[in-house]
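Before any comments, here is the structure.
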Amino acid sequence: MSGMGFVLWHVEDGVGHIRLNRPEAANALNTTAARQLNSVVEQAAQAEVGVIVISSNGRQFCAGGDIDEFVERRDHLDALIEEILSSVHPTIHRLATLPVPVISAVQGPVGGAGIAIALCADLVFASPEMKLRGGYSAIGLSPDLGASWYLARRAGAARAKQILMTNRAISAEQCLRWGIVDELHDSQDLMAAACTLAAQLARGARKSLGGIKRLCDAAHEHDLRMHLDLERDALLECARSADGREGVTAFVEKRAPRFSGSAPD
1 MSGMGFVLWH VEDGVGHIRL NRPEAANALN TTAARQLNSV VEQAAQAEVG VIVISSNGRQ
61 FCAGGDIDEF VERRDHLDAL IEEILSSVHP TIHRLATLPV PVISAVQGPV GGAGIAIALC
121 ADLVFASPEM KLRGGYSAIG LSPDLGASWY LARRAGAARA KQILMTNRAI SAEQCLRWGI
181 VDELHDSQDL MAAACTLAAQ LARGARKSLG GIKRLCDAAH EHDLRMHLDL ERDALLECAR
241 SADGREGVTA FVEKRAPRFS GSAPD
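First residue of the sequence shown? That's 1 in full-length UniProt numbering, and the numbers climb one at a time after it.
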């Protein structure tokens, strides 16, 4: 397992694993952790993997920004925040737009910037002990890393405002009902569930999965006519690939396809 202490990275069976590793501080992001996250996501972007799984060590997924560091540098808080965001905002965008499925496994409480790290994934798994709390309004700050954007996309703008303005803790069950998370699994089964799905997707056709991700993410950005054009382009790209031909052949031959993730011939 590689990485630089607070954020770890390893690849296993075609699946890349990003693991937050600062459990003694609720996996909060300080300037060092932000730089390390940037480095790990850079590795993920260059790796030959079919899926990414985001998880964390300890009982909390991520508390957001490091309040101790905020207090220590409160006389120049704006400079500290600018330093962190200049690194981590491009990182979260890159992580969210990787051309492979991303799954997050969220155990225990999550708040602040941790919300964005969890919700930037395409599929969000959580344990029943997971609780989501905005945290920002309690300390007179506003969201970062896209936390407001992801909450609004998943739960709607009205509920996102309610969550972030009131700073109430939202239970895992409520998060599931509101569409903030996709599945709940007992804490002892959470990583196994995420890794099982990751292994399944890693065996899939990468152009197909990447196209599905791009199209669904762009669905609210275009009118129907433009989206139909995007679907046509993505489908033709898949049809030209070896995996596209293999998928159709396997269907006719009534066998499981053997996808390779290959580029067009």
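By construction, the Cβ of each residue, glycine as well, lies at the ideal position given by its N, Cα and C atoms.
| Asked | Found |
| --- | --- |
| Nonlocal neighbours in the same chain, by C-beta distance under 6 Å from A105, ignoring five residues either side | S55, F125, L190, M191, A194 |
| Of the residues A34, L132, V181, the one placed nearest R168, counting alpha carbons only | L132 |
| Contacting residues, own chain, Cβ-Cβ under 8 Å from A44 (five flanking each side not counted) | W9, G16, I18, I52, L95, L98 |
| Beta strand (DSSP E) segment containing F6, residue limits | Where F6 is concerned, there is no enclosing beta strand (DSSP E), given that its DSSP letter is neither H nor E. |
| For R62, the residue or residues it bridges with in DSSP | Reading off the sequence, residue 62 comes out as Cys, not Arg. Note: C62 sits in a beta bridge opposite V110. |
| Proximity below 9 Å, CB of A118 to CB of D66 | no |
| Range of the contiguous beta strand (DSSP E) that encloses L20 | 15-20 |
| N-terminal and C-terminal residue of the beta strand (DSSP E) that R133 is part of | 131-133 |
| Buried/exposed call for E231, threshold 16 Cβ in 10 Å | exposed |
| C-alpha gap between N27 and E69, whole angstroms | 13 Å |
| Under the three-state DSSP convention, the category F251 falls into | helix |
| 9 Å Cβ cutoff met for T31 and G5 | no |
| Alpha-carbon spacing of L151 relative to G244, whole angstroms | 35 Å |
| Buried or exposed (CB count within 10 angstroms, at least 16 for buried), I139 | exposed |
| G156 CB to nearest heavy atom of the ligand NAD below 8 Å | Of the ligands one can find in the structure shown there are none, so the ligand NAD has no counterpart to examine. |
| Three-state secondary structure assigned by DSSP to V71 | helix |
| In DSSP terms, what A33 is bridged to | Bridge partners of A33: none, in fact. |
| Supposed close pair G179, R206 - CB separation, criterion 8 Å | With a Cβ gap of about 27 Å, G179 and R206 do not count as contacting. |
| Residues of its chain near S142, where Cβ-Cβ distance is below 7 Å and the 5 sequence neighbours each way are ignored | Y136 |
| Cα-Cα separation, P264 to L236 | Note that P264 scores 42 on pLDDT, short of 50, meaning its location in the model is unreliable and no value can be drawn from it. |
| One or two residues paired with F259 in a DSSP bridge | DSSP, once it has assigned bridges, lists no residue as partnering F259. |
| Among T249, G112, Q46, nearest to M165 - alpha-carbon criterion | G112 |
| CA-to-CA distance, R74 to C238, given in whole angstroms | 52 Å |
| Residues that DSSP places opposite A126 in a beta bridge | V106, L184 |
| From R255, V40, L209, residue whose alpha carbon lies closest to that of P90 | V40 |
| Contact check, V49 vs V88, beta carbons under 9 Å | no |
| Residues sharing a beta bridge with V53, DSSP | H17, I103 |
| Reduced DSSP secondary structure (H/G/I, E/B, other) of S142 | coil |
| Classification of V248 by the beta-carbon crowding that lies within 10 angstroms, buried from 16 upward | exposed |
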